[in-house]
Amino acid sequence: MKNYVIKGNICYSKTREELCITENGYIVCEGGRCAGVYETLPEEYETLPCYNYEDKIIIPGLVDLHVHAPQYAFRGMGMDLELLDWLNTHTFVEEAKYADLEYAEKAYDIFTEDLKNSATTRACIFGTIHTEATLLLMEKLEETGLKAYVGKVNMDRNSPKYLCEENAEKSVKDTEEWLMKSQRFKNIKPVLTPRFTPSCTDELLERLSGLQKKYQLPVQSHLSENLGEIDWVKELCPGTACYGESYDRYDMFGNNCPTVMAHCVHSPEKEIEMMQRQKVFIAHCPESNANLSSGVAPVKKYLEKDMKVGLGTDIAAGSSLSVLKAMVTAVQCSKLRWRLYDQSVLPLTMEEVFFMATKGGGEFFGKVGSFEEGYELDAVVFDDSKIKHPQTLSVKERLKRLIYLADERNITAKFVDGQVIFREN
Ligand SMILES: [Zn+2]
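Quick note: the sequence shown uses the numbering used here, first residue 2, plus one each step.
Here you go:
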C-alpha cells in the first residue's frame, strides 16, 4: 500500500536554518512519495487509510552516509589508537574474518537487524574485499526494506597479506563480477569503494575509474581524516597538490561521478574548493574523529559554502549506529572546536545537524530526507511518552530532547520509500 496518510507531530527540514513543525498534522503519501504536509487534511484525501500516531513525533528517516558493516562486531573496543595503528591492530584483523561466510552470516545478521530497528532508513555502507560476503550483506539488507549503497572494498597495497588483493587486475575483475551479481537487488545498490589512497595502487584507481565510467557508478572513500594518514598520502602521491587530487586525477571525485568522502577534517583550501565545485558529498563522522584523535572538521564552514554535507556513524571508529547520537556529537565537537582553537568557525546548531542527518545526506539518494512535496517518503515515528517530565513541553523541545537522549528504542514505526518497514499499530 503506497497511498495513505500519517498523522502526528511532524518535524522536517526545508533548509539548514529552517526546521518545520506541524503539530497534530498530516503527511499524505501518494505512490510512495510525499504529497504534502497539512494542518487539516484536505477533503480529497479523507478516504485514504490513516496511520494515526496521535501525540507521537514523526521525522524523516535518518541517513548514515558512512558506516562499515564488518566493523560492527568490534564497536566500542580498541579505541586507544590513532587511525593507521587502529587499522592494523583491530580493523584489518576483524575484516579478514569475512572470508569465512559462516562468520559473515552471523555478524551481518546482527548488523542488519540493528540497522533495521534504528532510525536510519538510508546508508552508504562499506563491506570488505570479499565478494561473497559483500553479496551476503546486500542480500540481508535487501530483506529489511531499507535502501542503501554497499561497496565491496578494494585494496591492493600497504595492507597485511591476509587482507590484500593479489593485484589491481584481480581486484577489478572481482569487482566487476560482484557488480554483475548485485544486479539482482532492488533496494540495495553497488558503490565503488577504494578503501583509501594508501591502500590502492595507481593502477587500481585507474582501472576502477574505467568501471565507474562503464557502469556510471557512485564512489565512496575516505579523505583528509588523520594527520598521519595525510602525511603518508603526500609521500605516496608526490605529484598531487592535495589528498583529494589522488582521487580526482582518476575522475573519482564528484562531477559526473557521485562521490561521498568521509571525514574531510583537515582539508586544505584547494581541496575544499574542489569539493564545492565538483559537488562532492562530505560524510561528517564526529564520534569517529574524536575516538581516533583525528580532530574536528570545520563543518559550519562547509555548510556556509552550501557544500553537500551529511552525517556518518563510521562504525567502528564510531561506537554507535545511532545517527541521533552522531547529531549530538557533531554539535558538541563543534562547540569544543570553536571554544578551544578556532573562533572563525561557529558551532553547529540543532537545526543544522537535523538538516545534515536528513535532507543534507539524503540528497545523495535523490529526493530523500524531507516531507516536502515529491520527496520519497521515509519516516520514523518516536513515542517519547515514557520519558517522564513534570511540565508540558513544546514539540520542538521534545524533539531536541529525543535527539540528545538518542534512545532509538522509542521508535514505534518506520517507513522507507512509502513502504512500512515495521509498526506497532
Ligand atoms: Zn570509514
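We put the beta carbon where it would ideally sit given N, CA and C, even for glycine.
Leu193 and Asn290 have their C-alpha atoms some 23 Å from each other. A buried status is given to Thr330, since no fewer than 16 other beta-carbon atoms sit within 10 Å of its beta-carbon.
Placement of the Cβ of His69 at a distance of less than 8 Å from at least one heavy atom of ligand 1 is found. Counting the other Cβ atoms within 10 Å of the Cβ of Lys309 gives 16 or more, which makes it buried.
Remark: the C-beta of His285 is outside contact range of ligand 1, defined as less than 8 Å to any heavy atom. Nearest in C-alpha terms to Lys397, of all of Glu166, Glu40, Ile59, is Ile59. DSSP, reduced to helix, strand and coil, places Tyr244 outside both helices and strands of the structure shown, so it counts as coil. Boundaries of the beta strand (DSSP E) harbouring Gly26: 20-31, taken from the DSSP string.
Cβ-Cβ separation between Cys125 and Asn155: approximately 16 Å, too far for a contact (criterion under 8 Å). Taken in chain order, the unbroken stretches of alpha helix (DSSP H) that lie wholly in the stretch 123-185 and span 4 residues or more are 132-145, 169-182.
With a beta-carbon spacing of about 4 Å, Tyr251 and Ser210 fall inside the 8 Å limit used to define contacts. Relative to the Cα of Glu103, the nearest Cα in the group Asp249, Lys302, Lys401, Ala134 belongs to Ala134. Only buried fits Gln72, as 16 or more other CB atoms lie within 10 angstroms of its CB.
By the Cβ neighbour-count rule, His285 is buried, with 16 or more other Cβ atoms within 10 Å of its own. For the 9 Å CB-CB criterion, Ala149 and Val324 do not form a contact. Relative to ligand 1, Phe127 has its C-beta within less than 8 Å of a heavy atom. Your pair Lys415 and Val381 checks out as a contact, with CB atoms roughly 5 Å apart and the cut at 8 Å.
For the options Glu353, Lys302, Ile316, Val266, the alpha carbon positioned closest to that of Ser295 is the one of Val266.
In terms of Cβ geometry, Val29 and Tyr13 do not form a close pair [threshold 9 Å]. A heavy atom of ligand 1 is found nearer than 8 Å to the CB of Asp315. Taking C-beta atoms under 8 Å as the contact rule, Glu353 and Ser321 fail to qualify, at a distance of about 20 Å.
Distances from the CA of Val421 to each of Gln213, Gly62, Phe75 were compared; the closest alpha carbon is that of Gly62. Straight-line measurement puts the Cα of Lys107 at about 39 Å from the Cα of Pro50. In this structure the stretch 15-34 touches the stretch 367-381; the number of beta carbon pairs closer than 8 Å is three or more. Annotation: the continuous alpha helix (DSSP H) that includes Glu230 extends over 228-237. With contacts defined as CB atoms closer than 9 Å, Leu205 and Arg158 qualify as a contacting pair. A straight line joining the alpha-carbon of Asp203 with that of Phe383 spans about 47 Å. Taking the Cα positions, Tyr248 is about 35 Å away from Glu373. In the displayed model, Lys306 falls within coil according to three-state DSSP, outside both helix and strand.
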